[in-house]
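Asks:
Protein chains: 2
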Amino acid sequence: MFKGFIFDLDGTIYRGDQLIPGAERVVRRLRGNRRKVVFLSNNSLQAREQCATKLTRLGISAPPEDVINSTFVMVNYLKKVAPQARLFAVGEAPFVEELKRAGFQITDEPKETEYVVVALDRTFNYQKLNIAFQSVRLGAHFVATNPDRTYPIEEGEIPGCAGMIGAIEAVTGKKVEVVVGKPSRIMIQAALEVTGFMPEDCILIGDNLETDIRMGKDSGMATGIVLTGVTDEKTLEEYKHTSFQPDFVFQSIADVENLLIG
Amino acid sequence: MFKGFIFDLDGTIYRGDQLIPGAERVVRRLRGNRRKVVFLSNNSLQAREQCATKLTRLGISAPPEDVINSTFVMVNYLKKVAPQARLFAVGEAPFVEELKRAGFQITDEPKETEYVVVALDRTFNYQKLNIAFQSVRLGAHFVATNPDRTYPIEEGEIPGCAGMIGAIEAVTGKKVEVVVGKPSRIMIQAALEVTGFMPEDCILIGDNLETDIRMGKDSGMATGIVLTGVTDEKTLEEYKHTSFQPDFVFQSIADVENLLIG
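Just so you know, the sequences run in chain order A and B. So for the first sequence, this note's numbering puts the first residue at 773; every next one is plus one. So for the second sequence, this note's numbering puts the first residue at 773; every next one is plus one.
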């Protein structure tokens, strides 16, 4: 049926530090049946390598090449549009390290800054807001990894990348130019390239109607929602009259195995 | 002609730490002619007393009672709507001190917080954003001192209170409920009460079309713009077809003296 399976991570494969029951088995069986499995996450706190390490530690062995997160997509985006750019990064150390590793020069001098690059940053403060503000006023581009309002942790949720974007937009009066993460086409394109297939041969499976399902549909692939994350039956009902309609509804990733039989 | 003169401060009476030429003379002559002079500012970094002290130091003696700033207006607003409320304050020490002085209990425990009260805060950080976020999600009200995108300093501008509001709005998905500062009716009402006159007996003079002039017109008083702050001839031209039309255009506060002759 489908040749490529693109899985969202948080709420689909795991929650916090717990695999969702059946996830390991489904991924193993798909791979055993020569399906390509790719993992997709808006997380910008880690490099793709760290993301792959976590999956492997939880029991799903994953080479970094099969993991697409918004840190990775941002680095690739910048390499393409502005390979020599000097950046001011709003983000945590691993994110900034990834930018440096890719050869970008990091600065906190607004006059030098060509791109303000924003990710979730639990060390965000007024000083960073001011540098971003001065940079954008002097003409720097303003891009971000993901538009997520919140970030899930085991005890609930904490402010997401949208907080940093919102603060900078409010003081500069300018909208963020590009957000590379879900539901952006840039993100799904990166995942598709890893599968090596056309959209019609792939299915995107995730827990969020407005990011996962929307992005899958926009790109022309099949979509499946799982009810182990932010969406439940009630949410499905509320979204019934929107365009975010998944092709499949799975109670959890365990049920994805049916696609191999069906 | 007018009995009450309500003056904006930054860009009208002074710029940074410099009186605008003529300001002292105009205020002195107005008072000498038994006009009531009131000073109005969105500044939330200080208590009204500190604001009055600055004016006096610069050469315009001002009792605290004649100064209305957004700190003062916020304290009065909260005293009225929620006199016993426990507050989480996003703001600098003098702002928080004013809330305490007014008898409010300050907390950083989201479960206890009934109002998240936001002011310009150069010590703003992710931790404060998180406490505000958790509090609002648990049902706390969300109010702010002023909507200013930026705050003028001698070397230019730095991020204003809008940055803090924007971050909290973005992560909670909720709009700030009340902003007491200019151009709010709450602010002009406080100033009017100090004059003791009706709106038609007063004139509001400031440098900002979208806050000062808008608020003056909304309240039914005469308005005058000065060109020593954020508005110049070009801005006036750009706003020609909007409803923010002042009754008087003054090159600077020095020209306000003409109202005594005219």
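Note that beta-carbon positions come from the ideal geometry of N, C-alpha and C, so glycine has one too. As the structure is a computational prediction, the values presented were derived from the model and not from experiment.
(1) When you compare the CB positions of residue 889 (chain A) and residue 871 (chain A), do they come within less than 8 angstroms of one another, or not?
(2) Does the separation of the CB atoms of residue 1025 (chain A) and residue 794 (chain A) fall below 8 angstroms?
(3) Of all the alpha helix (DSSP H) runs that stay within the bounds of the region 978 to 1006 of chain B, which reach a length of 4 or more residues?
(4) Keeping to the same chain, check which residues put their C-beta closer than 6 angstroms to that of residue 998 (chain A); ignore five residues upstream and five downstream.
(5) Which residue's Cα is closest to the Cα of residue 901 (chain A): A:952, A:991, A:937?
(6) Could you check whether the region 951 to 962 of chain A touches the region 907 to 926 of chain A, counting it as contact only if at least three pairs of C-beta atoms, one from each stretch, sit closer than 8 angstroms?
(7) Do residue 974 (chain B) and residue 851 (chain B) have their C-beta atoms closer together than 8 angstroms?
(8) Could you list which residues in chain B have their beta carbon closer than 8 angstroms to that of residue 893 (chain A), in chain order?
(9) Run down chain B in chain order and give the residues with a C-beta less than 8 angstroms from the C-beta of residue 943 (chain A).
(10) Does any residue of chain B have a CB that is nearer than 8 angstroms to the CB of residue 901 (chain A)?
(11) Does residue 914 (chain B) get closer than 8 angstroms to chain A when you measure Cβ to Cβ?
(12) Pick out whichever of A:829, A:933, A:797 has its Cα sitting closest to the Cα of residue 861 (chain A).
(13) Fully enclosed by the region 883 to 950 of chain B, which alpha helix (DSSP H) runs are 4 residues long or longer?
(14) Would you say residue 905 (chain A) lies against chain B (beta-carbon separation less than 8 angstroms)?
(15) Do the region 962 to 977 of chain A and the region 865 to 885 of chain A touch if we need at least three Cβ pairs shorter than 8 angstroms?
(16) Consult DSSP for residue 863 (chain A) and reduce its assignment to one of helix, strand or coil.
(17) DSSP beta-bridge partners for residue 776 (chain B)?
(18) I'd like to confirm the pairing. Which residues does DSSP put opposite residue 878 (chain B) in its beta bridges?
(19) Grab me the residues of residue 958 (chain A)'s own chain with a C-beta within less than 7 angstroms of its C-beta, minus the 5 sequence neighbours each way, in chain order.
(20) Counting pairs of Cβ atoms below 8 angstroms between the region 1010 to 1020 of chain B and the region 979 to 992 of chain B, do you hit three or more?
(21) Considering only residues of the same chain and omitting the five flanking positions on each side of residue 1002 (chain A), which have a CB-CB separation below 7 angstroms?
(22) How about residue 858 (chain A) and residue 886 (chain A): do their beta carbons lie closer than 8 angstroms?
(23) With C-beta atoms as the reference, is residue 815 (chain B) less than 8 angstroms away from residue 823 (chain B)?
(24) Per DSSP, what are the beta-bridge partners of residue 786 (chain B) in this structure?
(25) Pull the bridge partners of residue 1022 (chain B) from the DSSP assignment, please.
(26) For the putative contact between residue 882 (chain B) and residue 905 (chain A), defined by C-beta atoms under 8 angstroms, what is the C-beta separation to the nearest angstrom?
(27) Provide the residue span of the alpha helix (DSSP H) that contains residue 960 (chain A), from first to last.
(28) Tell me whether residue 853 (chain B) is buried or exposed, calling it buried when 16 or more other Cβ atoms sit within 10 Å of its Cβ.
(29) Per DSSP, what are the beta-bridge partners of residue 841 (chain A) in this structure?
(30) Skipping 5 residues on each side, what residues in its chain have a beta carbon closer than 6 angstroms to that of residue 943 (chain B)?
Replies: Well, looking at it:
(1) Yes, Cβ-Cβ distance for residue 889 (chain A) and residue 871 (chain A) is below 8 angstroms.
(2) yes
(3) 986 to 991
(4) 784, 979, 1022, 1024, 1025
(5) A:937
(6) yes
(7) In this structure, residue 974 (chain B) sits away from residue 851 (chain B), with a CB-CB distance that is not shorter than 8 angstroms.
(8) 898
(9) 921, 922, 931, 932, 934, 935, 938
(10) yes
(11) no
(12) A:933
(13) 898 to 909, 933 to 944
(14) yes
(15) No: the two stretches stay apart, fewer than three of their Cβ pairs being nearer than 8 angstroms.
(16) coil
(17) B:808, B:974
(18) Per DSSP, the beta bridge partners of residue 878 (chain B) are B:859.
(19) 845, 849, 952
(20) yes
(21) 783, 979, 980
(22) yes
(23) If you check the CB distance, residue 815 (chain B) and residue 823 (chain B) come in under 8 angstroms.
(24) B:782, B:791
(25) B:998
(26) No, residue 882 (chain B) and residue 905 (chain A) are not in contact; Cβ-Cβ is about 28 angstroms, not under 8 angstroms.
(27) 957 to 967
(28) exposed
(29) A:813
(30) Cβ contact annotation for residue 943 (chain B) (same chain, cutoff 6 angstroms, sequence separation greater than five): 905, in chain order.
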